[in-house]
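See structure below.
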Amino acid sequence: MANEKVDVVIVGAGASGSTYAAVLAKAGKKVVVLEQGPDWQLSDLISSDFWGRRVKPAGAPFLLEGKNPVSYGYQGGWGVGGAALHYFANFPRLLPNDFRIKSEHNRAHDWPISYQDVAPYYDKVARDVGVSGDAKAEEIWRPAGDPYPMPPMKTFRNGQIWLKGFESVGIRMVPAAVGMNSTEYKGRPACIYDGWCHVGCPIGALANPLVTYLADARKAGAEVRPWSSVTRVLTNAQGTKVTGVEYYDQKKERQVQEASVVVLAAWAAQNPRLLLNSSTDKHPKGLANTNGLVGKYMMTHFSSGTLAIFDENVENHMGTTGAQYMSYERYGKTAHKGAFGSSFIVAGTALKTSDLGGFANARLDLFGPELTAFMKRAARGFSRIGAFGEEMPNIENRIELASDKDEFGMPLGRIIHSYDDDVPKLWEANFAEGLAIAKAAGAKEMWSGRGNIPTIHLMGGTIMGTGAENSVVNSYGQTHEIPNLYMAGPGIFATSGASNPTYTIFALSLRGAEQLATKWSTIAG
Amino acid sequence: MSQMERRAFMKGAAGGALAFTVGGIEVLLTPAAARAQGVPLRTLTAAQAATLEALGETLVPGARQAGIAHFVDQQISIPADEALLEARILNVRPPYANFYRAALAAVDRASQALNSGRNFAQVGEAEQRSLVDSMRQNKIEGWQGPGGPFVYLLLRSDAVDVVYGTMDGYAGLGIPYMPHIAPTKRW
Chain A
25 MANEKVDVVI VGAGASGSTY AAVLAKAGKK VVVLEQGPDW QLSDLISSDF
75 WGRRVKPAGA PFLLEGKNPV SYGYQGGWGV GGAALHYFAN FPRLLPNDFR
125 IKSEHNRAHD WPISYQDVAP YYDKVARDVG VSGDAKAEEI WRPAGDPYPM
175 PPMKTFRNGQ IWLKGFESVG IRMVPAAVGM NSTEYKGRPA CIYDGWCHVG
225 CPIGALANPL VTYLADARKA GAEVRPWSSV TRVLTNAQGT KVTGVEYYDQ
275 KKERQVQEAS VVVLAAWAAQ NPRLLLNSST DKHPKGLANT NGLVGKYMMT
325 HFSSGTLAIF DENVENHMGT TGAQYMSYER YGKTAHKGAF GSSFIVAGTA
375 LKTSDLGGFA NARLDLFGPE LTAFMKRAAR GFSRIGAFGE EMPNIENRIE
425 LASDKDEFGM PLGRIIHSYD DDVPKLWEAN FAEGLAIAKA AGAKEMWSGR
475 GNIPTIHLMG GTIMGTGAEN SVVNSYGQTH EIPNLYMAGP GIFATSGASN
525 PTYTIFALSL RGAEQLATKW STIAG
Chain B
43 MSQMERRAFM KGAAGGALAF TVGGIEVLLT PAAARAQGVP LRTLTAAQAA
93 TLEALGETLV PGARQAGIAH FVDQQISIPA DEALLEARIL NVRPPYANFY
143 RAALAAVDRA SQALNSGRNF AQVGEAEQRS LVDSMRQNKI EGWQGPGGPF
193 VYLLLRSDAV DVVYGTMDGY AGLGIPYMPH IAPTKRW
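Here it is as structure tokens:
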């Protein structure tokens with residue numbers, strides 16, 4: 025079934041798709057957003073770890089291979105709001121050194137833009153969605169910018185107790201920048217610090233798309249169609265322009281949505297899957313993939329968690345799932361001797377009992393009566409800190425189409441991911457420093473959160489660059505090969521940095537959407 | 043979500059219960075209540091449920107009475123995109139029933155090999171603990187099925203869910219639950 029042609033069809037209603045929808049709808053464009061999953065409302069966000077799994081990935085699975093298979097189930101999204109419906113809302117930005125690793129270290133590649141190109145959009149996003157923090161305090165590590173619109177969030181003993189330890193190793197901690205309301209903001213209430221951010225904030229104190237850009241988009245006339253599974257991007261006969269998308273609706277019936285511009289904002293893994301599945305005689309390797317770079321350079325973060333029990337009640341149920349304190353003190357690419365890559369440090373998170381992040385998992389080796397005893401101790405005195413690490417882009421880490429197909433006949437995606445030798449070195453360096461911090465902080469018991477090296481925050485796959493010889497898109501997310509086809513989200517990151525990615529996703533999406541709106545007639549015409 | 047779906051979802055969540063079938067009629071019960079009332083299983087066999095209860099109790103004391111078998115049975119009997127299982131987070135490929143059948147069979151096969159042909163639920167606590175500890179460390183020779191450490195992780199998570207993830211579980215640890223939107227009936 026064909027639908028009335030619109031100006032732009034956006035695939036995915038998460039952080040990036042919502043931002044594009046808001047900007048373009050406000051610019052007067054007719055916008056349709058197709059979302060694979062349900063149309064969640066705030067009232068669906070039950071404060072429970074297992075009910076919270078309703079908003080985690082469903083639908084066609086990705087096949088996971090490599091030495092360090094990507095684990096996306098905890099962080100991915102399902103339905104309107106996407107992963108940003110249940111994210112932790114830590115809002116660190118990338119720093120200037122992230123944009124020029126090749127120039128400064130002859131590693132990986134430079135971004136085609138600098139920090140100064142993105143900085144105004146960080147500031148604008150902060151005003152749009154509401155960010156709490158202390159921008160001035162961050163200026164010991166980054167260029168000055170606008171102050172955040174709200175003061176820092178409250179801190180609690182589970183965060184404060186670590187400060188002495190950080191000081192002992194020379195790490196300065198500052199109030200964490202978070203996409204949460206420390207005060208009422210734009211009609212949304214202040215946070216009540218009950219620590220259920222990770223299953224979704226139903227009062228709208230946390231800046232999820234439902235209460236920020238997607239709300240703006242809907243108010244400006246954008247139409248959101250849930251339960252719409254896009255399977256292909258369509259092109260004209262010459263292969264020079266995209267003309268819309270093919271999708272399947274809730275009744276599993278095939279639909280076509282024609283549009284002047286297509287924006288894929290379906291997640292770092294799904295965007296390449298769609299491009300690869302949209303091959304034609306003019307694009308035999310998939311759209312925007314003449315250079316074979318679609319699906320390449322997948323990247324993740326990894327974290328070194330230091331866990332401890334203190335001999336006092338740290339009230340670890342209080343606060344937010346995001347951090348109370350953060351530091352870029354180890355963000356230099358060579359900050360740790362013998363290792364390479366940035367580390368971003370956080371402290372002070374509210375904890376729950378169950379789920380992946382719950383403190384029952386803090387000692388996975390314990391079971392039976394020993395676990396029961398641990399749970400009682402941990403309920404009173406357990407806390408943790410973490411250091412996110414940066415993975416360098418590697419062309420072998422990639423998305424491919426598999427032979428298995430989903431219910432619509434679309435090949436499943438296969439994510440192949442292995443860490444290189446840099447990663448364990450940086451992982452270990454942060455563990456060693458974490459234990460020193462815990463000891464100096466006066467922890468009674470302390471240990472490193474080991475196991476397999478985690479894979480967090482999937483990025484890359486449609487990276488940006490200076491041209492088709494090194495990348496899939498330009499700095500706005502516009503594909504080099506087809507000017508009216510855009511990529512949005514963490515897939516366009518050229519390198520990963522070590523900062524939580526969503527603030528940068530919002531900023532780059534805002535930058536790309538504004539460019540598209542400004543040059544609409546050239547691009548869409 | 044559609045209005046109809048939302049009503050059904052909210053009824054279950056706010057009712058603090060899952061949908062179980064009793065006498066051909068769908069009723070909302072907590073897994074503990076479903077177990078106490080002897081609600082028939084939909085997908086697991088009685089033998090699989092016995093293994094799951096014994097394994098759950100070994101991993102997290104209290105899991106049997108909290109209804110781990112009824113929880114898992116109900117969850118693997120509904121569409122995967124509605125499931126509340128940790129399996130969803132840990133990237134288990136649906137249908138989830140396949141994983142649980144394979145995992146429970148592997149545990150019983152290992153138990154039979156180690157304990158003169160007896161299933162896991164039929165051996166003593168010491169033997170159960172020994173098997174679980176070996177499974178956790180991937181030290182069971184001839185193990186057949188999903189990886190032992192992964193079975194340990196996932197089944198332990200299910201047991202933690204039903205024992206510590208509920209409002210009663212928080213109360214037992216003395217932790218304020220502090221919900222925005224509360225599951226009622228302490229589930």
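As you go down the protein sequences, you meet chains A and B in turn. Count along the first sequence from 1, add 24, and you get the number used in our numbering. Count along the second sequence from 1, add 42, and you get the number used in our numbering. Note that beta-carbon positions come from the ideal geometry of N, C-alpha and C, so glycine has one too.
Glycine 103 of chain A to glycine 166 of chain B, Cα distance in whole Å? Numbered from 1 along the first sequence, position 79 holds the residue referred to as residue 103 of chain A. Numbered from 1 along the second sequence, position 124 holds the residue referred to as residue 166 of chain B. Cα to Cα, glycine 103 of chain A sits roughly 46 Å from glycine 166 of chain B.
For a test of the three-state rule: what should DSSP assign to glutamine 140 of chain A, helix, strand or coil? As a position in the first sequence, residue 140 of chain A is number 116, starting the count at 1. Three-state DSSP puts glutamine 140 of chain A in a helix.
Mapping the DSSP letters down to three states, classify asparagine 340 of chain A as helix, strand or coil. To locate residue 340 of chain A, count along the first sequence from 1; it is residue 316. It is coil, neither helix nor strand.
Can you confirm whether the stretch 348-358 of chain A touches the stretch 185-200 of chain A when touching is taken to mean that 3 or more C-beta pairs between the two stretches lie within less than 8 Å? yes
So which of B:Pro191, B:Gly216, B:Val64, B:His112 has the shortest CA-CA distance to asparagine 337 of chain A? Residue mapping note: residue 337 of chain A aligns to position 313 of the first sequence, counting from 1. Looking at the Cα atoms, B:Gly216 is the closest of the given residues.
Chain A contact residues for glycine 211 of chain B, given Cβ-Cβ distances below 7 Å: Looking up residue 211 of chain B in the second sequence gives position 169. Going along chain A in sequence order, the residues near glycine 211 of chain B (Cβ under 7 Å) are Thr377.
Have a look at alanine 108 of chain A and serine 42 of chain A and give me their C-alpha separation to the nearest angstrom. Translated into positions along the first sequence, residue 108 of chain A becomes position 84. Translated into positions along the first sequence, residue 42 of chain A becomes position 18. Near 10 Å, if we compare the C-alpha coordinates of serine 42 of chain A and alanine 108 of chain A.
Output, in chain order, the set of chain B residues within a Cβ distance shorter than 8 Å of serine 427 of chain A. Position 403 of the first sequence holds residue 427 of chain A. The contacting residues do not exist; serine 427 of chain A stays about 15 Å from chain B at best.
Interfacial residues, the stretch 211-240 of chain A to chain B, with Cβ spacing under 8 Å: Ile216, Asp218, Gly219, Trp220, Cys225, Pro226, Ile227
Cβ contact (3+ pairs, closer than 8 Å) linking the stretch 148-157 of chain B and the stretch 114-128 of chain B: no
Which residue marks the beginning of the alpha helix (DSSP H) containing methionine 399 of chain A, and which one marks its end? Numbered from its first residue, the first sequence carries residue 399 of chain A at position 375. Start and end: 393-405.
Taking the DSSP output, what are the residues bridged to histidine 325 of chain A? Locating residue 325 of chain A in the first sequence gives position 301, counting from the first residue. Answer is A:Glu414, A:Ile480.
If you reduce the DSSP assignment to three classes, tell me which class phenylalanine 368 of chain A lands in. By one-based count along the first sequence, residue 368 of chain A stands at place 344. In the structure shown, phenylalanine 368 of chain A sits in a strand (DSSP, three-state: E or B).
Under 8 Å between the Cβ atoms of threonine 490 of chain A and alanine 312 of chain A? Indexing the first sequence from 1 puts residue 490 of chain A at position 466. Indexing the first sequence from 1 puts residue 312 of chain A at position 288. Not closer than 8 Å, so no.
According to DSSP, simplified to helix, strand and coil, what is threonine 503 of chain A? On the first sequence, residue 503 of chain A is found 479 positions in, with the first residue counted as 1. Strand, per DSSP.
Secondary structure, alpha helix (DSSP H): runs of 4+ residues fully inside the stretch 138-185 of chain A: 139-149, 159-162, 181-184
Thinking C-alpha only, which one of A:Asn421, A:Ala402, A:Ala397 is nearest threonine 324 of chain A? Translated into positions along the first sequence, residue 324 of chain A becomes position 300. It is A:Asn421.
What residues in its chain sit with their C-beta under 7 Å from that of valine 204 of chain B, if we drop five residues either side in the sequence? To locate residue 204 of chain B, count along the second sequence from 1; it is residue 162. Here the set comprises Pro73, Ala105, Ala108, Gly109, Ile110, Phe113.
Does the beta carbon of asparagine 133 of chain B come closer than 8 Å to any beta carbon on chain A? Position 91 of the second sequence holds residue 133 of chain B. Chain A contact via Cβ: present.
Backbone CA spacing between serine 40 of chain A and valine 174 of chain B [nearest angstrom]: Your numbering for residue 40 of chain A matches position 16 in the first sequence. Your numbering for residue 174 of chain B matches position 132 in the second sequence. The alpha-carbon atoms of serine 40 of chain A and valine 174 of chain B are separated by roughly 44 Å.
With respect to the alpha helix (DSSP H) encompassing tryptophan 102 of chain A, which residues constitute its N-terminal and C-terminal limits? In the first sequence, counting from the first residue as 1, residue 102 of chain A sits at position 78. No alpha helix (DSSP H) contains tryptophan 102 of chain A, which DSSP labels as neither H nor E.
Can you tell me whether proline 116 of chain A is buried or exposed? The criterion is at least 16 other CB atoms within 10 Å of its CB, across all chains shown. If you number the first sequence from 1, residue 116 of chain A lands on position 92. By the neighbour-count rule (16 or more Cβ atoms within 10 Å), proline 116 of chain A is buried.
What is the DSSP secondary structure of proline 296 of chain A, counted as helix, strand or coil? Along the first sequence, one-based indexing puts residue 296 of chain A at 272. Proline 296 of chain A falls in the helix class under three-state DSSP.
Closer than 8 Å by beta-carbon distance: list the chain A residues that pair up with valine 177 of chain B, in chain order. Taking the second sequence and counting its residues from 1, one reaches residue 177 of chain B at position 135. Checking the sequence shown, residue 177 of chain B turns out to be methionine, not valine. Going along chain A, no residue has its Cβ under 8 Å from methionine 177 of chain B, so there is no contact; the nearest lies around 10 Å.
DSSP state of aspartate 210 of chain B mapped onto helix, strand, coil: If you number the second sequence from 1, residue 210 of chain B lands on position 168. Looking at aspartate 210 of chain B - three-state DSSP - the assignment turns out to be helix.
Can you find the residues in the same chain that come closer than 6 Å, C-beta to C-beta, to threonine 255 of chain A, ignoring five residues on each side of it along the sequence? For the purposes of this step, residue 255 of chain A is taken as the residue at position 231 of the first sequence. Closer than 6 Å at Cβ, skipping near neighbours: Glu270, Phe432, Met434.
Measure the C-alpha to C-alpha separation of isoleucine 333 of chain A and methionine 399 of chain A and round it to an integer number of angstroms. By one-based count along the first sequence, residue 333 of chain A stands at place 309. By one-based count along the first sequence, residue 399 of chain A stands at place 375. Their Cα atoms are separated by approximately 11 Å.
To which residues does DSSP link isoleucine 409 of chain A through a beta bridge? Against the first sequence, residue 409 of chain A aligns to sequence position 385. BP columns for isoleucine 409 of chain A point to A:Thr330, A:Ala371.
Can you tell me which of A:Ala456, A:Ser302, A:Ile516, A:Gly52 puts its alpha carbon nearest to the alpha carbon of methionine 488 of chain A? Taking the first sequence and counting its residues from 1, the one referred to as residue 488 of chain A is at position 464. Ranking the options by Cα distance to methionine 488 of chain A, first place goes to A:Ile516.
Same chain only: Cβ atoms within 8 Å of aspartate 170 of chain A, ignoring 5 sequence neighbours per side: Counting from 1 along the first sequence, the entry for residue 170 of chain A is found at position 146. So the list reads Asp147, Ala150, Arg151, Ala159, once near-sequence residues are dropped.
With 9 Å as the limit, tell me which residues of the stretch 389-403 of chain A have their beta carbon closer than that to any beta carbon of chain B; keep them in chain order. Asp389, Phe391, Gly392, Pro393, Leu395, Thr396, Met399, Lys400, Ala402, Ala403
Which of the residues in the stretch 68-85 of chain A, read from start to end, lie with their CB under 9 Å from any CB of chain B? Asp68, Leu69, Ile70, Ser71, Ser72, Asp73, Phe74, Trp75, Gly76, Arg77, Arg78, Lys80, Pro81, Ala82, Gly83, Pro85
Does chain B have any CB closer than 8 Å to the CB of leucine 459 of chain A? Start at 1 with the first residue of the first sequence, and residue 459 of chain A comes out as number 435. It does not; no Cβ of chain B falls within 8 Å.
What separation, rounded to the nearest whole angstrom, lies between the Cα atoms of valine 33 of chain A and alanine 462 of chain A? In the first sequence, residue 33 of chain A corresponds to position 9, counting from 1. In the first sequence, residue 462 of chain A corresponds to position 438, counting from 1. The alpha-carbon atoms of valine 33 of chain A and alanine 462 of chain A are separated by roughly 50 Å.
Beta-carbon proximity list for isoleucine 216 of chain A, same chain, < 8 Å, skipping 5 on both sides: Numbered from 1 along the first sequence, position 192 holds the residue referred to as residue 216 of chain A. So the list reads Ile227, Ala229, once near-sequence residues are dropped.
Relative to the alpha-carbon of alanine 75 of chain B, which residue among B:Ala139, B:Thr87, B:Phe62 has its alpha-carbon at the smallest distance? Against the second sequence, residue 75 of chain B aligns to sequence position 33. It is B:Phe62.
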